[in-house]
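*Asks:*
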Amino acid sequence: MKALIVNDDGIDSPGLALLARLAVEAGFDVQVAAPHVERSGASASLTALQDEGKLLLSRRPLDDLPEVESYAVEASPALITFLASYGAFGTAPDIVLSGINLGPNTGHAILHSGTVGAALTAATHGARAVALSLNGTAPSQWETAELVTRRALEWAVEHSRPGTVLNVNIPDMPVHELRGLRSAPLAGFGAVQAEIGEVEDDGDISRALPVTFRAVELDESHDSDAVLVCRGWATATVLTMPFEVAEADLGTLEFAHSGSSQQ
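Per this note's numbering, the very first residue in the sequence shown carries number 1477; after that it's consecutive.
(1) Between the region 1639-1655 and the region 1584-1601, are three or more C-beta pairs nearer than 8 angstroms?
(2) Exposed or buried, what is A1614 when buried is set at 16 or more other beta-carbons lying within 10 Å of its beta-carbon?
(3) Verify whether the separation of the beta carbon atoms of A1621 and L1494 is less than 8 angstroms.
(4) So within the region 1519-1606, which uninterrupted beta strand (DSSP E) runs reach at least 3 residues, ignoring any that extend past its ends?
(5) How would you write the range of the beta strand (DSSP E) that G1639 sits in, first residue to last?
(6) Can you give the Cα-Cα distance for V1482 and Q1526, rounded to whole angstroms?
(7) Express the C-alpha separation of S1636 and E1630 in angstroms, rounding to a whole number.
(8) Three Cβ pairs or more, each shorter than 8 angstroms: is that satisfied between the region 1543-1550 and the region 1584-1592?
(9) For Q1738, which three-state DSSP category applies?
(10) Determine the burial state of V1513: buried for a count of at least 16 other Cβ atoms within 10 Å of its Cβ, exposed for fewer.
(11) Apart from the five residues just before and just after T1523, which ones in its own chain have a Cβ nearer than 6 angstroms to its Cβ?
(12) What is the DSSP secondary structure of T1613, counted as helix, strand or coil?
(13) Assuming L1704 contacts H1584 (C-beta within less than 8 angstroms), just tell me the rounded distance between them.
(14) Any idea if A1509 is buried or exposed, counting beta-carbon neighbours within 10 angstroms, 16 or more meaning buried?
(15) Which word fits Q1738, buried or exposed, when buried means at least 16 other C-beta atoms lie within 10 angstroms of its C-beta?
(16) My output table needs one value for P1661: the three-state DSSP class, helix, strand or coil.
(17) Would you identify the three-state DSSP class for G1632, choosing helix, strand or coil?
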């Protein structure tokens, strides 16, 4: 099974290196293609830095995996996955492994995540995908991340289906404090929310809008992914295609075009 390793923290992220190593140890045919700089919050945007219409990339071997084909790509993680699905880096991947992200990707805020955006892009092209994130602003418990990632990869091989994403969030705590790994629904939003201040007017046409971010006060009456991670659980949520059409009777509106006969 060919695995593409991608992330939104950039080619030099320790989470990317760990995920690539674990994928090799799990027996995947591994290829790495990640943004040349951090592209967090890129969602599923298809953006790139181009040189006369050409995508810029360079070989960037990983220190501990010199035998693995690895590229630094001047593009968003979703575009990297999109192009890989069309054979930009050789055979299209059977599975895309995105992460391990530095910080959580919980709740409906995954809409904005470059980590999850890359995985969802893979799913829309018929691949399996796993998105992995380690909680915390400066996570350090990589032994815990390794333990949970190994189990997530095993599950993905045995049970996941093409067109789905397994979204995994790992608490940043020592292994002996980890309560386990369990499935969980998405929280109402995510880990942070924006606060908008008053517009600062300098008397010219320009304006300054103060924006700050703060942690969301979680609704602990529901065992959502965000709540459970805070309680010491690693969580897993299966995401399906985001564009399923909901049943709704919108009625029919006919337009009378010019030149047509009307009664």
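Virtual Cβ for every residue (Gly too), placed ideally from N, Cα, C.
*Replies:* Let me spell this out:
(1) They touch, by the three-pair rule.
(2) Using a 10 angstroms sphere on the CB of A1614, the tally of other CB atoms stays under 16, which defines it as exposed.
(3) yes
(4) Qualifying beta strand (DSSP E) stretches, in chain order: 1533-1535, 1545-1549, 1571-1578.
(5) Run containing G1639: none; DSSP gives neither H nor E here.
(6) 19 angstroms
(7) 10 angstroms
(8) no
(9) Unreliable placement is indicated for Q1738, whose pLDDT of 49 sits below 50; the coordinate value is still reported in the next sentence. If DSSP states are grouped into helix, strand and coil, Q1738 belongs with coil.
(10) exposed
(11) S1552
(12) coil
(13) At roughly 16 angstroms, the Cβ-Cβ gap does not stay under 8 angstroms, so L1704 and H1584 are not in contact.
(14) Result: buried.
(15) Residue placement at Q1738 is poorly supported in this model, since its pLDDT is 49, which falls under 50; the coordinates still yield a value, given next. It counts as exposed.
(16) coil
(17) Reading the sequence as shown, one finds Ala at residue 1632 and not Gly. Three-state result, A1632: helix.
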